[in-house]
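By my numbering, the letter at position 60 of the sequence shown is numbered 894, and the numbering carries on one by one without gaps.
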Amino acid sequence: GVLNNLIKTMSLLRRCRVNPALSIQLFSQLFHFMGAWILNRLTAPKSTLCSNYWGKTLRQRLRHVEAWAERQGLELAVDCHLSRVIQ
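So this is what it looks like as structure tokens:
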């Protein structure tokens, strides 16, 4: 899933010794894309995702991403770019 891809991406960046500032920028862009994509899916004209059930499910899944980001020192990036979806 998404979290597994984020974990693999971080592992690769660390293995290749990419500058931490560049890694933060990369994840900031990834979180921005994720937030935009989710918001677009939720607000699409014929979306069936705007329901209490999907809201709870999405929130639960995003909590895992948030917790992982915090452990990686990316809490500011995830808060900034996923906050609209998480509200």
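The beta-carbon is built from N, C-alpha and C at its ideal position, and this holds for glycine as well.
Does the separation of the CB atoms of alanine 901 and phenylalanine 865 fall below 8 Å?
no
Measuring CB atoms only, is the segment 903 to 919 touching the segment 869 to 881, in the sense that at least three cross pairs come out at less than 8 Å?
yes
Helix, strand or coil, according to DSSP, for valine 852 in the structure here?
coil
Which residue from Thr882, Gln859, Asn886, Asn874 puts its Cα closest to that of leucine 908?
Gln859
Find out if the Cβ-Cβ distance for the pair valine 836, leucine 873 is shorter than 8 Å.
no
For threonine 877, which of helix, strand or coil comes out of DSSP?
coil
When the Cα atoms are used, what is the spatial distance from methionine 844 to glutamine 863?
14 Å
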